[in-house]
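Peer 1: One structure follows; several queries about it will come next.
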Amino acid sequence: MSAKTYRTVPVRDLSSDELLELSKQQKLSLSREDMEVVQQIFREVDRDPTDVELEVIAQTWSEHCKHRIFSASISHSVNGGAPETVDSLFKTYIKKPSEDHGTQAGLRAQRV
7 MSAKTYRTVP VRDLSSDELL ELSKQQKLSL SREDMEVVQQ IFREVDRDPT
57 DVELEVIAQT WSEHCKHRIF SASISHSVNG GAPETVDSLF KTYIKKPSED
107 HGTQAGLRAQ RV
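Heads up: take any position in the sequence shown, counting from 1, add 6, and you land on our numbering.
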């Protein structure tokens with residue numbers, strides 16, 4: 007059996023200031039608000055994240071890893087249909103589904 011190559015990072019009981027400090031120490035480049043969302047997700051699933059999970063979230067959510075176009079407001083229509091406006095591809099199709107998944111995972115864990 008191989009040794010663990012990851013560690014659990016306690017975030018569920020940290021204050022907002024401590025969450026921001028953790029982001030700085032781990033070089034996650036996540037804002038206080040982002041860290042609070044991460045904290046809420048892991049509170050809902052009743053466990054703390056691993057360092058690997060935090061890094062994946064940081065790479066997905068951080069400003070320096072996404073193109074400016076992902077933050078833009080984009081209006082389009084499909085096959086001449088009614089116009090639709092997407093306010094930030096990143097928030098709509100990456101961040102929100104990640105947050106929703108965390109909430110759903112928490113609900114599934116509560117049912118078990």
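We put the CB at the ideal spot given by N, CA and C, even for glycine.
#1: Whether or not the stretch 44-60 and the stretch 7-18 are in contact is what I'm after, with contact meaning three or more pairs of Cβ atoms, one per stretch, closer than 8 angstroms; do they touch?
#2: Spatial neighbours of Ser77 within its chain, please: CB distance less than 7 angstroms, with the 5 preceding and 5 following residues excluded, ordered by chain position.
#3: Decide yes or no for the touch test of the stretch 18-32 against the stretch 41-48: beta carbon pairs closer than 8 angstroms, at least 3 of them.
#4: In the structure shown, what three-state DSSP assignment does Ser22 receive?
#5: What residues match up with Glu90 in a beta bridge as DSSP calls it?
#6: Under the rule that 16 or more other beta-carbon atoms within 10 Å means buried, what is Lys101, buried or exposed?
#7: Which same chain residues end up closer than 8 angstroms to Gln45 when comparing Cβ atoms and leaving out the 5 residues on each side of it in sequence?
#8: For Val51 and Pro103, I'd like the C-alpha separation in whole angstroms.
#9: For Val92, collect the residues of the same chain with a Cβ closer than 6 angstroms to its Cβ; drop the 5 residues on either side in sequence, then sort them by chain order.
#10: With DSSP run on the structure shown, which of helix, strand or coil describes Thr56?
#11: Pick from Leu34, Val84 and His82: whose alpha carbon is nearest that of Glu61?
Peer 2: The structure says:
#1: The stretch 7-18 is in contact with the stretch 44-60.
#2: Position 71 of the sequence shown, counting from 1, holds the residue named residue 77. Only Ser94 and Phe96 meet the Cβ criterion.
#3: yes
#4: To locate residue 22, count along the sequence shown from 1; it is residue 16. Ser22: helix per DSSP, three-state reduction.
#5: On the sequence shown, residue 90 is found 84 positions in, with the first residue counted as 1. Answer is His82.
#6: For the purposes of this step, residue 101 is taken as the residue at position 95 of the sequence shown. By the 10 Å Cβ count, Lys101 comes out buried.
#7: Working through the sequence shown from its first residue, we reach residue 45 at position 39. Result list for Gln45: Val17, Arg18, Leu20 and Leu25, in chain order.
#8: Here the question's residue 51 lines up with position 45 in the sequence shown. Here the question's residue 103 lines up with position 97 in the sequence shown. If you take the alpha carbons of Val51 and Pro103, they lie about 16 angstroms apart.
#9: Within the sequence shown, numbered from 1, the residue matching residue 92 stands at position 86. In chain order, Ile80 and Thr98 place their CB closer than 6 angstroms to the CB of Val92, counting only its own chain and leaving out the 5 sequence neighbours on each side.
#10: Within the sequence shown, the letter at position 50 stands for residue 56. Of the three classes helix, strand and coil, the one that applies to Thr56 here is strand, per DSSP.
#11: The count along the sequence shown starts at 1 and reaches residue 61 at position 55. It is Leu34.
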